[in-house]
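Below is one structure, written out as structure tokens; the observations come after it.
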Amino acid sequence: MYKFVIHGGKKLNGEVEVSGAKNALLGLLPATILANGEYTFLNSPELLDAQSMIKLLVNMGEEIEFSNHTIKVKNNGLKILEAPYEFVKKMRASIYVLGPTLSRYGYAKVSMPGGCAWGPRPINLHLEAIQKLGASVEIDQGYIIAKADRLNGAKIVFNIPSVGATVNTIMAAVYAKGTTMISNAAIEPEVTAIAEFLVKMGAKISGIGTKFIEIEGVDELHSADEVVIPDRIEAGTLLVAGAITKGNVKVTKCNPNHLDALLTKLTDAGFTIQTGEDFVELKSNDKILPVNVETEVYPGFPTDMQAQWISLMTIAEGASEVTDNIYHDRFNHVPELNRLGANIIVKGNTAFVKGVEKLKGAKVMSTDLRASASLVLAGLIAEGTTEVLRIYHLDRGYEKIEAKLKKLGAEIERVQTDEY
Ligand code: EPU
Numbered sequence: 010m011y012k013f014v015i016h017g018g019k020k021l022n023g024e025v026e027v028s029g030a031k032n033a034l035l036g037l038l039p040a041t042i043l044a045n046g047e048y049t050f051l052n053s054p055e056l057l058d059a060q061s062m063i064k065l066l067v068n069m070g071e072e073i074e075f076s077n078h079t080i081k082v083k084n085n086g087l088k089i090l091e092a093p094y095e096f097v098k099k100m101r102a103s104i105y106v107l108g109p110t111l112s113r114y115g116y117a118k119v120s121m122p123g124g125c126a127w128g129p130r131p132i133n134l135h136l137e138a139i140q141k142l143g144a145s146v147e148i149d150q151g152y153i154i155a156k157a158d159r160l161n162g163a164k165i166v167f168n169i170p171s172v173g174a175t176v177n178t179i180m181a182a183v184y185a186k187g188t189t190m191i192s193n194a195a196i197e198p199e200v201t202a203i204a205e206f207l208v209k210m211g212a213k214i215s216g217i218g219t220k221f222i223e224i225e226g227v228d229e230l231h232s233a234d235e236v237v238i239p240d241r242i243e244a245g246t247l248l249v250a251g252a253i254t255k256g257n258v259k260v261t262k263c264n265p266n267h268l269d270a271l272l273t274k275l276t277d278a279g280f281t282i283q284t285g286e287d288f289v290e291l292k293s294n295d296k297i298l299p300v301n302v303e304t305e306v307y308p309g310f311p312t313d314m315q316a317q318w319i320s321l322m323t324i325a326e327g328a329s330e331v332t333d334n335i336y337h338d339r340f341n342h343v344p345e346l347n348r349l350g351a352n353i354i355v356k357g358n359t360a361f362v363k364g365v366e367k368l369k370g371a372k373v374m375s376t377d378l379r380a381s382a383s384l385v386l387a388g389l390i391a392e393g394t395t396e397v398l399r400i401y402h403l404d405r406g407y408e409k410i411e412a413k414l415k416k417l418g419a420e421i422e423r424v425q426t427d428e429y
């Protein structure tokens, strides 16, 4: 077990590169189930979640190698059409094997994901969609068992634009007979990237990047290669790292178009933002102004940046409100931030943050990825020493975050510990 030991108070300055997007890769890899052949994914982020997805696909019968940010997949046909509990409990995105396995093999057995660290995360939309496509779905001993001889195209209207349900439905529909229309589809860049990859594999998909996606079923797909898009949440987290320390940072190898909502809020908070084709530069001014945020589906402010924004607001010059409209309970970081001296009260799905002059170091821990990121950010400015426990959460979704922060001047060390 490891922890981060952070000596706060260093302004971050300099340049840092963003890695490939976790949530794009977690959809791209299961897409390889759809066709035999060889695949290469460049710019793959070296993350625990990537390893988890690889282990699951290897268990199902694929051959996969991962080195130097390159994942090579060889698929000669799956041997096991199942995602067992031990995989799904580690990573909910394992549910992504449901759509492609069912679509190609007419059968899939996937452990039902339970609640996650911050509350319920239902998958009803995934299941309703495959049922609309003609699959029978049964829940037996904690497993979803989906069956269909061949799926049939259908009209699917989501009441919520779910990222996961959109991806799973597209992957299920690529081989369905006839046309599938998805209305109120999610338009997150990761969904777009996965759909574009499926087109490279021979799928017929139109309306990509819009709320109306149409899929014309095909009889055959083939393997393809891809470069994973940059991780917009990692980019956002690094920008907030610069902002919270009142430093000047340039975040490179990112796509600024994917960061519009965050960049607008950073500007409102008094930072000067400059963008180029693949970089964002943030310059700090004297003050951090309080700015309210409400999370929304893309292109709104991402729920995956909510915790980090609260950290920034803890030292703003005044009071702000941060509302999470996507996950109403996603506030595990708040009590831990308060242990560092922040002044935050949560009522319903809103955190009321009163800016304080300074935070003070303490031992903190958290139960999920973005909450852990917010604690590291707070540690960067807390007076004295902050220890962040259970950093395996961070390793799930941030590639060597301590190395990137160190490069910008942070004093942060990964230290082995027995503490849990
Ligand atoms: N929802 C339902 N029913 C469903 C599916 C979703 O009610 O069947 C609701 C959820 O409860 C939530 C909303 O719809 O209120 C949106 O959830 P969505 O399905 O879009 O989330 P997801 O696909 O489970 C992905 C990311 C999350 C990110 C969310 C929201 C991946 C692997 N995960 O999850 O990423 O928070 O979209 O943008 O893409 C993270 O990276 O830290 C992370 C949690």
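All residue numbers for the sequence shown refer to this note's numbering, where the first residue is 10 and numbers rise by one. Heads up, the beta-carbon is just placed ideally off N, CA and C, and yes, glycines get one too.
- Closest option to Gly245, judged by alpha-carbon separation, among Lys12, Lys19, Ser28 and Gly17: Ser28.
- Take Ala163, set aside five residues on each side of it, and the residues of its chain with a beta-carbon closer than 7 Å to its own are Lys141, Leu142 and Thr189, in chain order.
- Of the heavy atoms belonging to the ligand EPU, none sits nearer than 7 Å to the Cβ of Pro54.
- Looking at the DSSP output, Thr261 bridges to Glu26 and Phe288.
- Residue burial is scored here from C-beta neighbours: Gly23 has fewer than 16 other C-beta atoms within 10 angstroms and is therefore classed as exposed.
- Counting along the chain, the unbroken alpha helix (DSSP H) around Lys413 starts and ends at Ile410 to Lys416.
- Segment contact: the region 368-377 against the region 337-349, three or more CB-CB distances shorter than 8 Å; contact assigned.
- Straight-line spacing of the CA atoms in Gly327 and Ile297 works out to 9 Å.
- At least one heavy atom of the ligand EPU sits closer than 7 Å to the Cβ of Leu35.
- Here Lys186 is exposed. Its C-beta has fewer than 16 other C-beta atoms within 10 Å.
- The closest CA to that of Lys88, considering only Asn68, Tyr105 and Ser375, is found on Asn68.
- Look at His231 here: in three-state DSSP terms it is coil, with no helix or strand label.
- In the DSSP assignment, Thr201 falls outside any beta strand (DSSP E) and lies within the alpha helix (DSSP H) extending over Pro198 to Lys209.
- For Leu142, no pairing in a beta bridge is given by DSSP.
- Ser145 has its alpha-carbon roughly 8 Å from the corresponding atom of Ile139.
- Proximity to Ala212 across Leu275, Ile63, Ala40 and Gly46 peaks at Ala40, based on C-alpha coordinates.
- Three or more Cβ pairs drawn from the region 189-205 and the region 170-181 lie within less than 8 Å of each other, which places the two stretches in contact.
- When C-alpha distances from His267 are compared across Thr426, Asp277 and Pro239, the shortest belongs to Pro239.
- With respect to the 8 Å criterion, Thr304 and Asp333 are classified as neighbours on the basis of their beta carbons.
- Straight-line spacing of the CA atoms in Tyr11 and Ala391 works out to 20 Å.
- A distance criterion of 7 Å places the beta-carbon of Ser61 beyond contact range of the ligand EPU, judged by its closest non-hydrogen atom.
- The three-state secondary structure of Tyr401, taken from DSSP, is helix.
- Nearest to Ala33 by alpha-carbon distance, out of Leu403, Ile203, His337 and Leu136, is Ile203.
- Unbroken alpha helix (DSSP H) stretches of 4 residues or longer found wholly inside the region 118-180: 133-141, given in chain order.
- Just so you know, the alpha carbons of Val258 and Gly279 end up roughly 15 Å apart.
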